[in-house]
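Taking it in order: structure first as structure tokens, then the write-up.
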Amino acid sequence: MLTIRLSRVGTTKRPFYRVVVVESSAPRDGRFVEILGHYNPRAEPEVLEVDRARVSHWISNGASPSDTVRTLLARHPVPDPADASVEAAEAPAVVETATPAESADETQAVT
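For reference, each letter of the sequence shown is one residue, going 1 to 111 in our numbering.
Below, the structure written as structure tokens:
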């Protein structure tokens, strides 16, 4: 059975983790199937960078996330790209208009 869990790659007293897909019987830092991202608990604020599409792919194929990975994914939500494009489209555009005096100055400078 496949599991999505953390694999430690940091040095002593400086933990840094990879989010990996592994066989559940494999050792913590052993052989993995795919690296999905990384997690840095020492950064302020803590950093979790994960390929959410690949995580959902592996979960749909039967991999189960560990309790820690499940908690991290819930704590660090990623906004949906479709929602971001809708918000950008709804934002009003700022249009700067030139006063007649400014446009007259520009035409005189050009000639």
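We put the CB at the ideal spot given by N, CA and C, even for glycine.
According to DSSP, is residue i helix, strand or coil?
| i | result |
| --- | --- |
| His57 | helix |
| Val33 | coil |
| Val9 | coil |
Cβ atoms of residue j and residue i: under 9 Å apart, would you say?
| i | j | result |
| --- | --- | --- |
| Val20 | Phe32 | yes |
| Arg42 | Arg75 | no |
| Ile4 | Pro65 | yes |
Leaving out five residues before and five after residue i in sequence, what residues of the same chain have Cβ atoms less than 6 Å from its Cβ?
| i | result |
| --- | --- |
| Gly10 | Phe16 |
| Ile35 | Arg18 and Val20 |
For residue i, I'd like the list of residues in its chain whose CB is within less than 7 Å of its CB, leaving aside the five on either flank, ordered along the chain.
| i | result |
| --- | --- |
| Leu72 | Tyr39 and Leu48 |
| Asp29 | Ser7 and Arg8 |
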